[in-house]
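Student: So the protein lines, in turn, are chains A and B. 52 is the number of the first residue of the first sequence in this note's numbering; add one for each residue after it. 52 is the number of the first residue of the second sequence in this note's numbering; add one for each residue after it. Beta carbons: idealized from backbone N, C-alpha and C, even for Gly. Note that the structure is predicted; figures quoted are calculated from it, not measured.
Number of protein chains: 2
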Amino acid sequence: MNRHDPSRVIRAARGSQITAKSWQTEAALRMLMNNLDAEVAEHPQDLVVYGGIGRAARNWQSYDKIVEVLTRLNDDETLLVQSGKPVGVFQTHANAPRVLIANSNLVPHWANWEHFNELDKQGLMMYGQMTAGSWIYIGSQGIVQGTYETFVSIAKAHFNGDAKGKWVLTGGLGGMGGAQPLAATMAGFSMLAVEVDESRIDFRLKSAYLDKKATSLADALQLLEHAKHTGKPVSVGLLGNAADIFSQLLEQNVIPDVVTDQTSAHDPLNGYLPQGWSMEQAAQRRLEDEKAVVTAAKQSMAVQVKAMLGLQQRGAATVDYGNNIRQMAFEVGVENAFDFPGFVPAYIRPLFCQGIGPFRWAVLSGDPEDIYKTDAKVKELIPDNAHLHNWLDMAKERIQFQGLPARICWVGLGERQKLGLAFNEMVRSGELSAPIVIGRDHLDSGSVASPNRETESMLDGSDAVSDWPLLNALLNTASGATWVSLHHGGGVGMGFSQHSGMVIVCDGTEDAAQRIARVLHNDPATGVMRHADAGYELAIECARKHKLDLPMLA
Amino acid sequence: MNRHDPSRVIRAARGSQITAKSWQTEAALRMLMNNLDAEVAEHPQDLVVYGGIGRAARNWQSYDKIVEVLTRLNDDETLLVQSGKPVGVFQTHANAPRVLIANSNLVPHWANWEHFNELDKQGLMMYGQMTAGSWIYIGSQGIVQGTYETFVSIAKAHFNGDAKGKWVLTGGLGGMGGAQPLAATMAGFSMLAVEVDESRIDFRLKSAYLDKKATSLADALQLLEHAKHTGKPVSVGLLGNAADIFSQLLEQNVIPDVVTDQTSAHDPLNGYLPQGWSMEQAAQRRLEDEKAVVTAAKQSMAVQVKAMLGLQQRGAATVDYGNNIRQMAFEVGVENAFDFPGFVPAYIRPLFCQGIGPFRWAVLSGDPEDIYKTDAKVKELIPDNAHLHNWLDMAKERIQFQGLPARICWVGLGERQKLGLAFNEMVRSGELSAPIVIGRDHLDSGSVASPNRETESMLDGSDAVSDWPLLNALLNTASGATWVSLHHGGGVGMGFSQHSGMVIVCDGTEDAAQRIARVLHNDPATGVMRHADAGYELAIECARKHKLDLPMLA
Ligand SMILES: NC(=O)c1ccc[n+]([C@@H]2O[C@H](COP(=O)([O-])OP(=O)(O)OC[C@H]3O[C@@H](n4cnc5c(N)ncnc54)[C@H](O)[C@@H]3O)[C@@H](O)[C@H]2O)c1
Ligand SMILES: NC(=O)c1ccc[n+]([C@@H]2O[C@H](COP(=O)([O-])OP(=O)(O)OC[C@H]3O[C@@H](n4cnc5c(N)ncnc54)[C@H](O)[C@@H]3O)[C@@H](O)[C@H]2O)c1
Numbered sequence: 052m053n054r055h056d057p058s059r060v061i062r063a064a065r066g067s068q069i070t071a072k073s074w075q076t077e078a079a080l081r082m083l084m085n086n087l088d089a090e091v092a093e094h095p096q097d098l099v100v101y102g103g104i105g106r107a108a109r110n111w112q113s114y115d116k117i118v119e120v121l122t123r124l125n126d127d128e129t130l131l132v133q134s135g136k137p138v139g140v141f142q143t144h145a146n147a148p149r150v151l152i153a154n155s156n157l158v159p160h161w162a163n164w165e166h167f168n169e170l171d172k173q174g175l176m177m178y179g180q181m182t183a184g185s186w187i188y189i190g191s192q193g194i195v196q197g198t199y200e201t202f203v204s205i206a207k208a209h210f211n212g213d214a215k216g217k218w219v220l221t222g223g224l225g226g227m228g229g230a231q232p233l234a235a236t237m238a239g240f241s242m243l244a245v246e247v248d249e250s251r252i253d254f255r256l257k258s259a260y261l262d263k264k265a266t267s268l269a270d271a272l273q274l275l276e277h278a279k280h281t282g283k284p285v286s287v288g289l290l291g292n293a294a295d296i297f298s299q300l301l302e303q304n305v306i307p308d309v310v311t312d313q314t315s316a317h318d319p320l321n322g323y324l325p326q327g328w329s330m331e332q333a334a335q336r337r338l339e340d341e342k343a344v345v346t347a348a349k350q351s352m353a354v355q356v357k358a359m360l361g362l363q364q365r366g367a368a369t370v371d372y373g374n375n376i377r378q379m380a381f382e383v384g385v386e387n388a389f390d391f392p393g394f395v396p397a398y399i400r401p402l403f404c405q406g407i408g409p410f411r412w413a414v415l416s417g418d419p420e421d422i423y424k425t426d427a428k429v430k431e432l433i434p435d436n437a438h439l440h441n442w443l444d445m446a447k448e449r450i451q452f453q454g455l456p457a458r459i460c461w462v463g464l465g466e467r468q469k470l471g472l473a474f475n476e477m478v479r480s481g482e483l484s485a486p487i488v489i490g491r492d493h494l495d496s497g498s499v500a501s502p503n504r505e506t507e508s509m510l511d512g513s514d515a516v517s518d519w520p521l522l523n524a525l526l527n528t529a530s531g532a533t534w535v536s537l538h539h540g541g542g543v544g545m546g547f548s549q550h551s552g553m554v555i556v557c558d559g560t561e562d563a564a565q566r567i568a569r570v571l572h573n574d575p576a577t578g579v580m581r582h583a584d585a586g587y588e589l590a591i592e593c594a595r596k597h598k599l600d601l602p603m604l605a
Numbered sequence: 052m053n054r055h056d057p058s059r060v061i062r063a064a065r066g067s068q069i070t071a072k073s074w075q076t077e078a079a080l081r082m083l084m085n086n087l088d089a090e091v092a093e094h095p096q097d098l099v100v101y102g103g104i105g106r107a108a109r110n111w112q113s114y115d116k117i118v119e120v121l122t123r124l125n126d127d128e129t130l131l132v133q134s135g136k137p138v139g140v141f142q143t144h145a146n147a148p149r150v151l152i153a154n155s156n157l158v159p160h161w162a163n164w165e166h167f168n169e170l171d172k173q174g175l176m177m178y179g180q181m182t183a184g185s186w187i188y189i190g191s192q193g194i195v196q197g198t199y200e201t202f203v204s205i206a207k208a209h210f211n212g213d214a215k216g217k218w219v220l221t222g223g224l225g226g227m228g229g230a231q232p233l234a235a236t237m238a239g240f241s242m243l244a245v246e247v248d249e250s251r252i253d254f255r256l257k258s259a260y261l262d263k264k265a266t267s268l269a270d271a272l273q274l275l276e277h278a279k280h281t282g283k284p285v286s287v288g289l290l291g292n293a294a295d296i297f298s299q300l301l302e303q304n305v306i307p308d309v310v311t312d313q314t315s316a317h318d319p320l321n322g323y324l325p326q327g328w329s330m331e332q333a334a335q336r337r338l339e340d341e342k343a344v345v346t347a348a349k350q351s352m353a354v355q356v357k358a359m360l361g362l363q364q365r366g367a368a369t370v371d372y373g374n375n376i377r378q379m380a381f382e383v384g385v386e387n388a389f390d391f392p393g394f395v396p397a398y399i400r401p402l403f404c405q406g407i408g409p410f411r412w413a414v415l416s417g418d419p420e421d422i423y424k425t426d427a428k429v430k431e432l433i434p435d436n437a438h439l440h441n442w443l444d445m446a447k448e449r450i451q452f453q454g455l456p457a458r459i460c461w462v463g464l465g466e467r468q469k470l471g472l473a474f475n476e477m478v479r480s481g482e483l484s485a486p487i488v489i490g491r492d493h494l495d496s497g498s499v500a501s502p503n504r505e506t507e508s509m510l511d512g513s514d515a516v517s518d519w520p521l522l523n524a525l526l527n528t529a530s531g532a533t534w535v536s537l538h539h540g541g542g543v544g545m546g547f548s549q550h551s552g553m554v555i556v557c558d559g560t561e562d563a564a565q566r567i568a569r570v571l572h573n574d575p576a577t578g579v580m581r582h583a584d585a586g587y588e589l590a591i592e593c594a595r596k597h598k599l600d601l602p603m604l605a
């Protein structure tokens, strides 16, 4: 099995010439490649896109074969991908998906990292995270708005909507975590981000997601203090271990206004550096003694979580940002680890009740102008949402594109369908220079069961019921999404989540318009349905407003 | 929540008049009702079809609403069913399934009976078993051929293909287990079946699946002895606890030729009566102290498994028949519980490698003549399979229909599609008096991951990888099956399996023919693909023969 190939430089084709047989398959091809663009992926030569070891394909043989198949696939055929490996091509029909993907799924009794890692090493599996293995990751920008929305909600909940002079402490500047400093300053917060890998800090400086690199904790605190005086928020990266620095701040009684974390705690073997270890040491120990690494990582996480709990007690608004660090600490004895809430029940659930989630699109032309035109279209079609307009303005100004130009916008049921149809029309009319794809994160309203994150503390206690994301995937398949995926273990790691993804191509045809109308309605509608079924009034209202046909609610 | 309603008497409509808007939805309606026909279901008034607490709908409110929705559903709409509850109706298209079902699915970390039972009690879930919640159970006959094929394989493997004078010891005469005595005598074996519920014994006597009821163990052994002398196999039911009787036989050094079990061991709370308990006592204790029941049941299972191991050591061919009894015993300390094999790796896997599995169909007319005509068609189209012809003759002669007349036939890739298209043509031409449905068990070649049963001891160690059944469900949805289901915990219980089902309607139209051609090819083809991917030569050969497009094998 060939997983590391330093000679590989992947970049999606641009423009309106295609090598696949249609835009449906060309879109899959470009988005797969875009996931592995050096501007986009964390470790493209290992096929790692983001989120610990979240991959786009199982190995390079599989990658090459997927490319080959997508290039020859007809528009009434469907490719099956099993944990990043192309396993079969079948006759379907024009309104069926072109690719169906199942990544990292394990029968529950065996659904843990140990068993996964064994299979992974034997070449039998791959970790798909959420959008890595389902080919709709669009770089750190994909997470910027979600993080920004969360920080705005935190400011509303704790600081009367005004983040001025406040600062956030966090850990991790990886694929997703790297969006934190930009999202924080956009929302008016300063930020101190602790990261063990200096190259990650430098990468975020280069893309202007991060403002400064501190030379020491004292230096960092001074930069924050300065920002407080000038009133201009600053984001500061600090090389160090989060478990160490979080504890030092507690000891020194320096209390941040907000505390969170985005190390890859969900994957204790690969995602979290134990205290006192160097990166090289960790790399070596991973080969020698996996159990020891996992134990050491969890123990350091326990230290960090204890510091987070301590800071919370002294007044910091502390929140788990969806990396399962509470569970890991809990497993090694931190009994009150769940005393600070997850971000979804705390800040995001009301959005999910209305089918609002991380809607995103990418322009296959590669031309930034195409994105700016869609930005303008969004403003035109959703004229009275100042918050959204503000977001679009900031995004245009401050977010550098990585790979194919893309945009993310949290919009809900009704709006998604409207935007999708308008974009398709813009492709048809030639206003856009090539087709575009529309997708979303698996972290969305109707597409995930994850009791420590997206479905934490559901009103009716149905946190762990995963019928919902499975139905979401089946319905997106039945509605004609271009590719559909079913994953396990994204965000919070093996055993803790099941979720589904979908992408749909706007190629400007009338057939596509029909599929778009169905998919972009049905997909968020399943989220409203799921939350209405759990008893959320906001979701029940939304279902009524949109005349959803929910038999047991009628 | 209303789960018990003694006033309910459900029976599917017969004939060619329909109350739904088309045969697609009428078929779902009739098959749902047929699952709850008193001739078919174990406890229809509790909505329990078979396999412990395997239900067709969550409660009577849900049942009524499903019936209502199916009656009004259009042929470009799709109903979503979440653990037996109808939760949404969505716009799809003519080639999409009419019903999409997800039953009993739980995020792995919470995927155990304790958590399930809690949710179940709160009315948030339902156990779907395999064909109970997916509306294609056809009574004990559904399992007769599978069991018959297994016994024939056992005779081949251990007794030179001749079962004469040999006998099988087993436990359980429930929905599935009740097929054992008939399958055994069909295969030439005598059988002793131990069952704690006398009504189950009487039920099997009435349907002629079982020949005799013994008054004591001594009486039973005498009946078996007599059969040995006359050379005519006999099946004997004995009221008793399997843990007791199996142990007594070992003590008395009476060694059966074959030993297995089909109590509902997969569900220690509801499916297995502990030693020394009466049925009433168990029912009471289940309400008072679930943990105590589970513990007592597992301890009795340990006793039974130890007896099975002892009998194996003294020469009996001992096999786990897919109820997870080894796992349960293992969990309470029987370390060598897995010393006897499961029936799939031992006898069934070669069939799965060729996409051969429990293909079945039911005639919606209700007319037995329609089945006999299809029987004849099978013989005509598969002329050179004497074993299959023999099975069809015996089935016609010895299997009483329960509910809508149905037939099961283990056939493989190629044959399934051929039969489906022929049946559709027979509907079109009027040779059959109404449409028919074609489906299968979830226990099939490409539709299940179940490491203690269907995917035990896979060649490459991929037993627990559940990407495969998920892909199977997605592909059947994309191919246009009439209904598709995704379940968890069937056969072996919560945490131990994931599997998918499909049913397709032959209404005689050309559109249906196209869907049938796709679905009945693709569905078994995913099984061949899965086994070829695992390295089975027989599957690789089969894939080549049928020109499957498996990119990494080419
Ligand atoms: N809330 C959300 O919306 C959301 C979305 C996606 C992912 N996530 C989760 O966030 C986490 C981070 O995702 P990612 O894509 O950034 O992962 P990543 O693996 O790309 O980045 C993790 C970073 O943490 C750093 N790190 C590891 N141990 C550390 C330590 N002890 N101290 C300081 N830094 C340390 C690593 O060097 C790396 O840069 C994951 O668990 C992921 O599942 C959350
Ligand atoms: N191998 C296969 O193909 C296959 C197929 C389907 C089901 N199964 C499994 O077989 C098992 C039985 O299925 P079913 O539908 O017959 O279930 P069921 O619940 O209808 O029947 C189980 C029977 O076992 C009896 N029983 C319980 N405890 C007993 C004891 N201690 N001694 C003797 N009898 C006892 C019950 O009274 C009941 O009649 C299940 O675990 C099911 O998952 C196997």
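Return the residue from the list B:Trp218, B:Ser185, B:Glu339 and B:Gly542 that minimises the CA-CA distance to B:His280.
Tutor: The candidate whose alpha carbon is nearest that of B:His280 is B:Trp218.
Student: Going by the C-beta, is A:Ala294 closer than 8 Å to any heavy atom of ligand 1?
Tutor: Yes, the beta carbon of A:Ala294 sits closer than 8 Å to at least one heavy atom of ligand 1.
Student: Note down the Cα distance separating A:Leu243 from A:Met545, rounded to an integer number of angstroms.
Tutor: Rounded to the nearest angstrom, the two C-alpha atoms are 29 Å apart.
Student: Under 8 Å: does the beta carbon of B:Glu507 sit that close to some heavy atom of ligand 2?
Tutor: Every heavy atom of ligand 2 is 8 Å or more from the Cβ of B:Glu507, so no.
Student: Need the endpoints of the alpha helix (DSSP H) that A:Arg566 sits in, please.
Tutor: Segment Glu561 to Asp584, the alpha helix (DSSP H) holding A:Arg566.
Student: Could you tell me which chain A residues have their CB closer than 7 Å to the CB of B:Ala529, listed as they occur along the chain?
Tutor: Within chain A, the residues near B:Ala529 are Thr129, Thr143, Ala147, Pro148, Leu151 and Thr528.
Student: List the residues of chain A whose Cβ lies closer than 7 Å to the Cβ of B:Gly606, in chain order.
Tutor: The question about residue 606 of chain B has no answer, for chain B in this structure spans 52 to 605.
Student: To the nearest whole angstrom, what separates the beta carbons of B:Ser155 and B:Gly540, a pair I think is in contact under 8 Å?
Tutor: About 5 Å separates the two Cβ atoms, so the contact holds.
Student: Applying a beta-carbon distance threshold of less than 7 Å, which residues of chain B neighbour A:Val245?
Tutor: Neighbours of A:Val245 on chain B: none; closest Cβ ~28 Å, over 7 Å.
Student: Buried or exposed for B:His160, please, with buried defined as at least 16 other CB atoms from any protein chain shown within 10 angstroms of its CB.
Tutor: Classification of B:His160: buried, given that the 10 Å Cβ count is 16 or more.
Student: Please classify B:Leu338 as buried or exposed, where buried requires at least 16 neighbouring CB atoms within 10 angstroms.
Tutor: With fewer than 16 Cβ atoms within 10 Å of its Cβ, B:Leu338 is classed as exposed.
Student: Under 9 Å between the Cβ atoms of A:Gln112 and B:Met603?
Tutor: For A:Gln112 and B:Met603, yes; Cβs fall inside 9 Å.
Student: Quick one: what's got a C-beta closer than 6 Å to A:Leu121's C-beta in the same chain, skipping five residues either side?
Tutor: Here the set comprises Ala71, Thr76, Ala79 and Leu80.
Student: Note down, in chain order, every chain A residue with its Cβ under 7 Å from the Cβ of B:Arg609.
Tutor: Any question about residue 609 of chain B goes unanswered here, given that chain B covers just 52 to 605.
Student: Against chain B, which members of the region 301-327 of chain A pass a CB distance test of less than 8 Å?
Tutor: For the region 301-327 of chain A, which is checked against every Cβ of chain B, not one residue is closer than 8 Å.
Student: Rounding to the nearest angstrom, what Cα-Cα distance links A:Ile433 and A:Phe474 in this structure?
Tutor: The straight-line gap from Cα to Cα measures roughly 14 Å.
Student: With 16 as the cutoff for other CB atoms within 10 Å, does A:Thr266 come out buried or exposed?
Tutor: Exposed, by the Cβ-count rule.
Student: Report yes if the C-beta distance between A:Ala238 and A:Tyr199 is below 9 Å; otherwise report no.
Tutor: Going by C-beta atoms, A:Ala238 is nearer than 9 Å to A:Tyr199.
Student: Given 8 Å as the limit, tell me if B:Asn374 has its C-beta closer than that to any heavy atom belonging to ligand 2.
Tutor: For ligand 2, at least one heavy atom lies less than 8 Å from the Cβ of B:Asn374.
Student: Using C-beta distances below 8 Å, list every residue in its chain close to A:Asn53, excluding the 5 sequence neighbours before and after it, in chain order.
Tutor: Answer for A:Asn53: Asn110, Trp111 and Gln112, listed in chain order.
Student: Could you please give the first and the last residue of the uninterrupted beta strand (DSSP E) stretch that includes A:Ala457?
Tutor: Segment Ala457 to Val462, the beta strand (DSSP E) holding A:Ala457.
Student: Compute the distance between the beta-carbons of B:Gly135 and B:Gly102, then report whether it is under 9 Å.
Tutor: Result no, Cβ atoms of B:Gly135 and B:Gly102 do not sit closer than 9 Å.
Student: Contact criterion: CB-CB distance below 9 Å. Does A:His493 meet it with respect to chain B?
Tutor: For A:His493, the answer is no, since every Cβ of chain B falls outside 9 Å of its Cβ.
Student: Terminal residues of the continuous beta strand (DSSP E) containing A:Trp412?
Tutor: Gly408 to Val414 is the span of the beta strand (DSSP E), which, as asked, contains A:Trp412.
Student: Would you please state the rounded distance, in angstroms, between the beta carbons of B:His538 and B:Ser185? I believe it to be under 8 Å.
Tutor: Yes, they are in contact, since the Cβ atoms of B:His538 and B:Ser185 sit about 7 Å apart, within 8 Å.
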